[in-house]
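Engineer:
In the working numbering, the protein residues as written are 6 to 360.
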């Protein structure tokens, strides 16, 4: 294993920072749980773990061939091999994120991580994973981070976008402390527990509203992490905004930095403008790209990011997008870094296997 941006020969290193395996079912989790929790999963009918507020049959969210995400071999044949991927990070969007019972959430997270290791990571050396940890139970989350610290194939911990509270709140700080100490990044991915509306005025009626308003939720979480002082407390922590889009972020950086000048008395621990913290600590993934379709204007949107190192390649496989490659308009000077070098600089635990 090595941490390097050099590929084989002249080929660029490609690191896909967001792909999705199938969700585990009861039969998958039970062998990786204690006898008590395996029985409880069955008793409480924990089988399908869809984390959705719209029909599971919604076509844009489903691959045409379920086999492409059924197992590591299918994923390799459909995506890793054709795209020449050197490493790919698995993100499981599970009902564990939204379970109200903190104890069953902890058991589901641990069983899912064990399933990921045994059925996916062990079967393809290119695969990496986000660890599921129960934000509902910070002590158990810390314990799971410490259990996985020795397995460097887990490179980050995963939080859902619309959870119980803003992610900057101090009750979550033990999770961030453990993550930073062991080199895990924090990934925030769209998803919610459906107990809190994703807008200031309630729940939207349509899928398109839910989709286009997600940047509001991302902005709320970023503002919380910055204002509460998470990045001051844990300067090594990096946060990957997965499937967040890009176009909204520069505006938030400018506006929060402007308003900080007049409201900084409330946040004396912020010794620099918020844009400085965001540039150092935040990363965004390329899919789904929300910029203009024409190359010229897309390039102008990308150019507004204060540091090109903030952009990570992702395909969001197997979800369908206009391209699984880089966004249109990405300057050629940035392409090598976005394909892989930026990810290697972001993930302290990410090492490449060329065997």
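Think of the CB as a built atom: it goes at the ideal place given N, C-alpha and C, for glycine as much as any other residue.
Quick caveat, the model's predicted, so the values are computed rather than measured.
#1: Going along the chain, which residues of its own chain have a beta-carbon closer than 6 Å to the beta-carbon of residue 362, five neighbours each way excluded?
#2: Would you list the one or two residues that DSSP bridges to residue 21?
#3: Identify every residue that forms a DSSP beta bridge with residue 194.
#4: Taking 8 Å as the threshold, find out whether the region 74-90 comes into contact with the region 137-148 through three or more Cβ pairs.
#5: Is DSSP giving residue 322 helix, strand or coil here?
#6: What is the rounded straight-line gap between the Cα of residue 288 and the Cα of residue 41?
#7: What's the gap between the Cα of residue 249 and the Cα of residue 194?
#8: Go ahead and pull the three-state DSSP assignment for residue 1.
#9: Three or more C-beta pairs closer than 8 Å, one from the region 120-131 and one from the region 92-99: is that the case here?
#10: Considering only heavy atoms of the ligand ZN, does any lie closer than 7 Å to the CB of residue 186?
#11: Going by beta carbon distance, what residues of the same chain come within less than 7 Å of residue 286, once the five residues before and after it are set aside?
#12: Is residue 159 helix, strand or coil when you go by DSSP?
#13: For the alpha helix (DSSP H) containing residue 75, name the first residue and the last one.
#14: Just list the alpha helix (DSSP H) runs in the region 182-268, keeping only unbroken ones of 4 residues or longer that don't cross its boundaries, in chain order.
#15: What does a CB cutoff of less than 8 Å around residue 174 pick up in its chain, not counting 5 residues either side in sequence?
#16: Of the choices 176, 180 and 130, whose alpha-carbon is the least far from that of residue 156?
#17: Over the uninterrupted alpha helix (DSSP H) stretch that includes residue 291, give me the two end residues.
#18: Using beta-carbon positions only, say whether residue 344 and residue 18 come within less than 8 Å of one another.
#19: Taking its Cβ as the centre, do 16 or more other Cβ atoms sit within 10 Å of residue 347, making it buried, or is it exposed?
#20: By alpha-carbon positions, which one of 166, 116, 178 and 48 ends up nearest to residue 149?
#21: Among 210, 177 and 319, which residue has its Cα nearest to the Cα of residue 251?
#22: Alpha carbon to alpha carbon, what distance is there between residue 282 and residue 272?
#23: As an exercise, report each continuous alpha helix (DSSP H) stretch of at least 4 residues that is fully enclosed by the region 93-148, in chain order.
#24: Pick helix, strand or coil for residue 357, following the three-state DSSP scheme.
#25: Assuming residue 166 contacts residue 221 under a Cβ cut-off of 8 Å, what Cβ separation, rounded to an integer in Å, is found between them?
#26: Would you call residue 274 buried or exposed, if buried means 16 or more other Cβ atoms sit within 10 Å of its Cβ?
#27: Kindly list the residues whose CB is nearer than 6 Å to the CB of residue 136, restricted to its own chain and excluding five residues on each side of it in sequence; keep chain order.
#28: Quick check on this structure: which residue in 226, 253 and 227 has the alpha carbon closest to the alpha carbon of residue 294?
#29: DSSP three-state call for residue 31: helix, strand or coil?
Structural biologist: Concretely, from the data shown:
#1: The question about residue 362 has no answer, for the chain in this structure spans 6 to 360.
#2: Start at 1 with the first residue of the chain shown, and residue 21 comes out as number 16. The partner list for residue 21 (beta bridge, DSSP) reads 93.
#3: In the chain shown, counting from the first residue as 1, residue 194 sits at position 189. The bridge partners DSSP lists for residue 194 are 165.
#4: Taking 8 Å as the limit for Cβ pairs, the verdict is that the region 137-148 does not touch the region 74-90.
#5: Mapped onto the chain shown, residue 322 falls at position 317. Residue 322: strand per DSSP, three-state reduction.
#6: Here the question's residue 288 lines up with position 283 in the chain shown. Here the question's residue 41 lines up with position 36 in the chain shown. Each residue's alpha carbon lies about 40 Å from the other.
#7: In the chain shown, residue 249 corresponds to position 244, counting from 1. In the chain shown, residue 194 corresponds to position 189, counting from 1. Residue 249 and residue 194: Cα-Cα distance of roughly 8 Å.
#8: The displayed coordinates of the chain run from 6 to 360. Any statement about residue 1 would go beyond what the structure contains.
#9: Segments in contact, yes.
#10: This structure does not include the ligand ZN; it has no bound ligands of any sort.
#11: Taking the chain shown and counting its residues from 1, the one referred to as residue 286 is at position 281. For residue 286, where only same-chain residues beyond five positions count, the Cβ hits under 7 Å are 236, 242, 243 and 244.
#12: For this step, residue 159 is matched to residue 154 along the chain shown. Under the three-state reduction of DSSP, residue 159 is assigned to strand.
#13: Reading the chain shown from its first residue, position 70 is the one you call residue 75. Following the DSSP letters along the chain, one finds residue 75 in no alpha helix (DSSP H), marked with neither H nor E.
#14: Counting only runs of 4 or more, we get 212-217, 219-232, 235-238 and 254-268.
#15: Against the chain shown, residue 174 aligns to sequence position 169. Excluding sequence neighbours, residue 174 sits near 229 and 233.
#16: Numbered from 1 along the chain shown, position 151 holds the residue referred to as residue 156. Selected option, being the one with the closest Cα: 130.
#17: Against the chain shown, residue 291 aligns to sequence position 286. The continuous stretches of alpha helix (DSSP H) do not include residue 291, and DSSP gives it neither H nor E.
#18: If you number the chain shown from 1, residue 344 lands on position 339. If you number the chain shown from 1, residue 18 lands on position 13. Yes, the pair counts as a contact, with Cβ atoms nearer than the cut-off.
#19: Walking along the chain shown from the start, residue 347 turns up at place 342. So residue 347 ends up on the buried side.
#20: Locating residue 149 in the chain shown gives position 144, where the first residue counts as 1. Of 166, 116, 178 and 48, the residue nearest in Cα terms is 116.
#21: Residue mapping note: residue 251 aligns to position 246 of the chain shown, counting from 1. For residue 251, the nearest C-alpha among the options comes from 319.
#22: Position 267 of the chain shown holds residue 272. Position 277 of the chain shown holds residue 282. Separation of residue 272 and residue 282 (C-alpha to C-alpha, rounded to the nearest whole angstrom) is 14 Å.
#23: DSSP assignment within the region 93-148 yields the following whole alpha helix (DSSP H) runs of 4 residues or more, N-terminal first: 107-124.
#24: Translated into the one-based positions of the chain shown, residue 357 becomes position 352. Strand at residue 357.
#25: To locate residue 166, count along the chain shown from 1; it is residue 161. To locate residue 221, count along the chain shown from 1; it is residue 216. Rounded, the Cβ-Cβ distance is 10 Å, inconsistent with contact.
#26: Here residue 274 corresponds to residue number 269 of the chain shown, with the count starting at 1. Exposed, by the Cβ-count rule.
#27: Mapped onto the chain shown, residue 136 falls at position 131. 118, 153, 159 and 162.
#28: For the purposes of this step, residue 294 is taken as the residue at position 289 of the chain shown. Minimum Cα-Cα distance from residue 294 among the listed residues 226, 253 and 227 corresponds to 253.
#29: In the chain shown, counting from the first residue as 1, residue 31 sits at position 26. It is helical.
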